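*Asks:* Count the sequence shown with numbering that gives the first Met the number 0 and you get residues 0 to 351, in order.
Handing you this structure, nothing more for now.
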Amino acid sequence: MSAASRRAVLGGALALAACERQAKSAPAVYAPSLKSVAPFPIGTCAQVSHLQQPLWVDLALRHCNRLTPEWEMKMEYVVQPDGGFLFDRPDRLADFARDRGLRLHGHALVWYAQKPAGFLNLDERRVSFARAYDNYITALVGRYRGVAASWDVVNEAIAEDGDGWRDSLWAQKLGPFDHMRRAFDRAREADPGAVLFLNDYNLELMPKKLDSFLRLTEQLLKAGAPLGGLGTQTHVAADTEAGAIGRAVSALGQMGLAVHVSEADVSMTRAQGMFASRAERERAQGRLYAEAAEALLALPPAQRFGLTLWGLRDRDSWLRNENPTDSPAIFDDSGNAKPAAAALAEALSRNR
Ligand code: 9MR
């Protein structure tokens with residue numbers, strides 16, 4: 000027997016032993032560095048607490064070249080009860096992104112879900128609401144001018160049922176359309192170079208909501224708002240119909256603006272559909288992540304803003320608060336690649 004064939008037999012035996020070991024636990028999955036195979040940026044959301052975890056940092060730097068602050072750049076953190084601003088944590092996230100060479104995507108300036116005491120208790124005899132609103136946007140966007148290359152300016156403007164726009168403190172005080180227009184204008188003045196986004200969810204699941212989102216986009220553009228991109232959050236479940244994500248991304252692409260798959264995750268526990276096995280459910284999860292990548296790849300290169308993962312590891316996901324057994328991310332709790340990571344990497348590597 001030649002040395003080469005001896006090695007082959009030995010290698011085969013070792014591989015077999017490894018396979019048997021793996022059959023008992025989950026099979027090991029290999030995923031290359033996503034940012035290296037992707038022709039557009041790959042993002043992750045981040046909290047300051049993640050920056051203190053070396054394993055999270057390693058995983059993020061290996062795979063991602065964009066960062067979205069998950070909550071510490073929102074009003075809930077920044078706006079103090081007396082109306083002052085707190086920038087320590089947003090600064091730490093911005094410094095991390097800058098020092099480690101990641102793009103920073105600011106998130107989220109105006110959101111119906113956030114109405115901090117600093118605004119609710121505003122003494123409008125002293126400062127008008129409009130002035131305080133302008134001041135917030137100017138201060139935040141201005142502080143990260145040249146550091147945050149892009150911002151979600153208005154988040155989740157469309158009504159839950161897809162019929163028109165949501166009511167909010169901002170709409171009540173400044174007008175349903177005007178508060179949005181105003182936010183885009185102030186953000187543009189504070190950073191003329193940043194790409195400004197409208198961002199929403201369930202666009203792949205609700206044609207009516209997608210339609211309202213597109214109509215709002217047209218209205219903003221017609222009014223001259225400096226809108227440069229559209230974000231589709233892409234919080235989906237493993238039983239989401241094949242083709243739904245692709246249809247939404249492609250419809251957004253028709254507007255000619257940059258398109259961001261901005262908060263991708265695929266919930267296992269929200270899925271109602273029946274799956275034959277765990278492996279089958281994991282394949283479905285991987286197909287949906289892959290579909291998001293393929294949909295971006297189908298856009299003209301200048302419109303492919305990127306794909307951002309909302310939680311790098313399962314344990315980092317907001318969905319764990321809803322169901323502690325959910326596993327919506329592409330990396331498991333220990334940071335190992337799941338089949339979805341391999342499926343996403345494979346889709347990203349195709350059609351470059
Ligand atoms: O994942 C985010 C969670 O950590 C925050 O507590 C929450 C409130 O700030 O926001 C979550 O992220 C949301 C995102 O900002 C907008 N789209 C829906 C996301 C999930 O709720």
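Idealized CB from N, CA, C, for every residue including glycine.
Since we're looking at a predicted model, the values are computed, not measured.
(1) Along the chain, where does the alpha helix (DSSP H) containing Asn-320 start, and where does it finish?
(2) Since I believe Glu-321 is in contact with Gly-245 (beta carbons under 8 Å), could you give me their beta-carbon distance rounded to a whole number of angstroms?
(3) Please return the same chain residues whose Cβ sits closer than 7 Å to the Cβ of Ala-340, not counting the five positions on each side in sequence.
(4) Give me the residue from Ala-346, Glu-75, His-104, Val-260 with the minimum Cα distance to Leu-195.
(5) Return the Cβ separation of Cys-44 and Thr-233 in integer angstroms, given the expectation that the two are a contact with Cβ distance under 8 Å.
(6) Would you list the residues sitting across from Thr-233 in a DSSP beta bridge?
(7) Quick check: does the Cβ of Asn-201 come within less than 7 Å of any heavy atom belonging to ligand 1?
(8) Of the choices Tyr-143, Asp-90, Leu-58, Pro-300, whose alpha-carbon is the least far from that of Ala-193?
(9) Give a yes or no on contact between the segment 173-184 and the segment 218-227, applying the rule of three or more CB pairs nearer than 8 Å.
(10) Measuring from the CB of His-106, is there a heavy atom of ligand 1 at a distance below 7 Å?
(11) Can you find the residues in the same chain that come closer than 7 Å, C-beta to C-beta, to Phe-212, ignoring five residues on each side of it along the sequence?
(12) Could you check how far apart the C-beta atoms of Arg-303 and Phe-39 are, in whole angstroms? I think they sit under 8 Å.
(13) Inspect the beta-carbon positions of Arg-86 and Leu-168 and report whether they are closer than 8 Å.
(14) Grouping DSSP H, G and I as helix and E and B as strand, with all else coil, what is Ile-329?
(15) Hey, would you say the C-beta of Asp-154 is under 7 Å away from at least one heavy atom of ligand 1?
(16) Could you pull out every unbroken beta strand (DSSP E) segment of at least 3 residues lying fully inside the segment 37-84, listed in chain order?
(17) Leaving out five residues on either side along the sequence, give the residues of the same chain with a beta carbon under 6 Å from the beta carbon of Phe-274.
(18) Nearest by alpha-carbon distance to Asn-335: which of Trp-55, Ala-37, Leu-50, Tyr-111 is it?
(19) Could you tell me which of Arg-88, Lys-172, Asp-162 sits nearest to Lys-114, measuring between CA atoms?
(20) By how many angstroms is the C-alpha of Met-72 removed from the C-alpha of His-106?
(21) Under 7 Å: does the beta carbon of Lys-208 sit that close to some heavy atom of ligand 1?
(22) Starting from Gly-252 and walking both ways along the alpha helix (DSSP H), at which residues does that stretch end?
(23) Distance, Cα to Cα, Ala-147 vs Ser-276?
(24) Are the beta-carbon atoms of Leu-33 and Ala-344 separated by less than 8 Å?
(25) Compare the C-alpha of Arg-282 against each of Thr-239, Asp-190, Ala-59, Asp-160 and name the closest.
(26) Give every residue of the same chain whose Cβ lies closer than 7 Å to the Cβ of Pro-175, excluding the five residues on either side of it in the sequence, and list them in chain order.
(27) Given a cut-off of 8 Å on the beta-carbon distance, is the pair Glu-155 and Ala-112 in contact?
*Replies:* For this structure:
(1) Walking along the sequence shown from the start, residue 320 turns up at place 321. Per DSSP, Asn-320 belongs to the alpha helix (DSSP H) from 318-321.
(2) By one-based count along the sequence shown, residue 245 stands at place 246. By one-based count along the sequence shown, residue 321 stands at place 322. The pair is not a contact, with the Cβ atoms about 26 Å apart (cut-off 8 Å).
(3) Taking the sequence shown and counting its residues from 1, the one referred to as residue 340 is at position 341. Closer than 7 Å at Cβ, skipping near neighbours: Val-28, Ala-30, Ile-329, Phe-330.
(4) Translated into the one-based positions of the sequence shown, residue 195 becomes position 196. Minimum Cα distance to Leu-195 is reached at His-104.
(5) One-based indexing of the sequence shown puts residue 44 at position 45. One-based indexing of the sequence shown puts residue 233 at position 234. Wrong, their Cβ atoms sit about 13 Å apart, outside the cutoff.
(6) By one-based count along the sequence shown, residue 233 stands at place 234. The partner list for Thr-233 (beta bridge, DSSP) is empty, contrary to what the question assumes.
(7) On the sequence shown, position 202 is the one that residue 201 refers to. Answer for Asn-201: no, Cβ out of range of ligand 1.
(8) One-based indexing of the sequence shown puts residue 193 at position 194. Of the listed residues, the one whose Cα sits closest to Ala-193 is Tyr-143.
(9) Three or more beta-carbon pairs drawn from the segment 173-184 and the segment 218-227 are found closer than 8 Å, and the two stretches are therefore classed as touching.
(10) Within the sequence shown, numbered from 1, the residue matching residue 106 stands at position 107. Result yes, Cβ under 7 Å from ligand 1.
(11) By 1-based counting over the sequence shown, the position of residue 212 is 213. Closer than 7 Å at the Cβ level, and outside the excluded window around Phe-212, lie Ile-157, Asp-199, Leu-202.
(12) As a working note, residue 303 is residue 304 in the sequence shown. As a working note, residue 39 is residue 40 in the sequence shown. So it is a contact: roughly 4 Å between Cβ atoms.
(13) Along the sequence shown, read from residue 1 onward, the residue named residue 86 stands at position 87. Along the sequence shown, read from residue 1 onward, the residue named residue 168 stands at position 169. Note that residue 86 corresponds to Phe in the displayed sequence, not to Arg. Leu-168 sits away from Phe-86, with the two beta carbons spaced by 8 Å or more.
(14) Position 330 of the sequence shown, counted from the start, is the residue given in the question as residue 329. DSSP places Ile-329 in coil when its eight states are reduced to three.
(15) Residue 154 sits at position 155 when you count from the first residue of the sequence shown. It should be pointed out that residue 154 corresponds to Asn in this sequence rather than to Asp. If you check the C-beta of Asn-154 against ligand 1, you find a heavy atom less than 7 Å away.
(16) With a minimum length of 3 residues, the continuous beta strand (DSSP E) runs that stay inside the segment 37-84 are 41-45, 65-68.
(17) Residue mapping note: residue 274 aligns to position 275 of the sequence shown, counting from 1. If we look at Phe-274 and ignore the five residues flanking it on each side, its Cβ neighbours are Arg-280.
(18) In the sequence shown, residue 335 corresponds to position 336, counting from 1. That would be Trp-55, whose Cα lies nearest to the Cα of Asn-335.
(19) On the sequence shown, residue 114 is found 115 positions in, with the first residue counted as 1. Of Arg-88, Lys-172, Asp-162, the residue nearest in Cα terms is Lys-172.
(20) Position 107 of the sequence shown holds residue 106. Position 73 of the sequence shown holds residue 72. Distance between the alpha carbons of His-106 and Met-72: 6 Å.
(21) The count along the sequence shown starts at 1 and reaches residue 208 at position 209. Not under cutoff, so the answer is no.
(22) Within the sequence shown, the letter at position 253 stands for residue 252. It spans 243-252 - the alpha helix (DSSP H) in which Gly-252 sits, taken as one unbroken run.
(23) Sequence index remark: in the sequence shown, residue 147 carries index 148 (1-based). Sequence index remark: in the sequence shown, residue 276 carries index 277 (1-based). When rounded, the distance between both Cα atoms is 43 Å.
(24) Your numbering for residue 33 matches position 34 in the sequence shown. Your numbering for residue 344 matches position 345 in the sequence shown. A contact, by the Cβ cut-off of 8 Å.
(25) The residue you call residue 282 lines up with position 283 of the sequence shown. Among Thr-239, Asp-190, Ala-59, Asp-160, the Cα nearest to that of Arg-282 belongs to Thr-239.
(26) Translated into positions along the sequence shown, residue 175 becomes position 176. Listed in chain order, the non-local C-beta contacts of Pro-175 below 7 Å within the same chain comprise Trp-164, local neighbours out to five positions each way being set aside.
(27) Position 156 of the sequence shown holds residue 155. Position 113 of the sequence shown holds residue 112. Yes, the Cβ-Cβ distance between Glu-155 and Ala-112 is below 8 Å.
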